[in-house]
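Everything on this sheet refers to the single structure shown next.
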Amino acid sequence: MTDGTAPVLLTTARLGLRPWSVADAVVQRELWTERDPRVPAHRRIDAQGRPTVADLEQAVRAGASAGLLAVERAAVGDVVGYCGLVESGHGRPGEPELAFELLRRAWGQGYATEAATAVVEHARSAGYARLWAGVRDWNVASRRVLAKVGFVETGHREEDPVHGALLLTTRRL
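Below, the structure written as structure tokens:
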């Protein structure tokens, strides 16, 4: 989403999207604890309680969340999740994946759609031609957000009897 010269900062009517700070690791940890048990194990807290807040602080310092922007409610000033673009391997080079996740307390208020719209518009202005998004078939709320911001299902499904089928969606810009 950027050429590396300046951090991406996006604003909407109710949100600010900005790079993660080390202090946001607490929010990242909360996201990990709230994940649905159907989410693959490598994206959930493990038996040893990892990742810890300290692990996530180190990851922020190392730039592991590059491309994913913290979603901050402007009126309250609290971070409620992330939204951004990541390289996923679903598309061709230069066709990143839209990714987003919000804390449960922020669900149902239109924040995911608002943040995703801002990221899609930023991607368009940055010259991307197409974006991808993978979503589990059971994740109806995320599928609805993707549809609202113009993504369409491609018909490609990666079957997974444990975690649910992964559906690929795309959006031309």
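First residue of the sequence shown? That's 1 in full-length UniProt numbering, and the numbers climb one at a time after it.
Ideal Cβ placement from N, Cα and C applies to all residues, glycine included.
Nothing here was measured: the structure is a model prediction, and the numbers come from that model.
Relative to residue 158, the option among 151, 149, 168, 150 whose CA is nearest is 168. Within 10 angstroms of the beta-carbon of residue 115 lie 16 or more other beta-carbons, which makes it buried. In this structure, residue 110 lies away from residue 136, with their beta-carbon atoms at least 8 Å apart. In this structure, DSSP gives residue 42 a helical state, which the three-state scheme calls helix. When the Cα atoms are used, residue 63 and residue 40 turn out to be separated by approximately 23 Å.
The DSSP-derived three-state label of residue 124 is helix. When secondary structure is reduced to three states using DSSP, residue 143 falls in the helix class. When the Cα atoms are used, residue 25 and residue 57 turn out to be separated by approximately 5 Å. Of 122, 55, 31, the smallest CA-CA separation from residue 105 is found for 31. CA-to-CA, the gap between residue 142 and residue 83 works out to about 12 Å. Rounded to whole angstroms, the gap between the alpha carbons of residue 146 and residue 96 is 15 Å. For residue 54, the enclosing alpha helix (DSSP H) has its first and last residue at 53-61.
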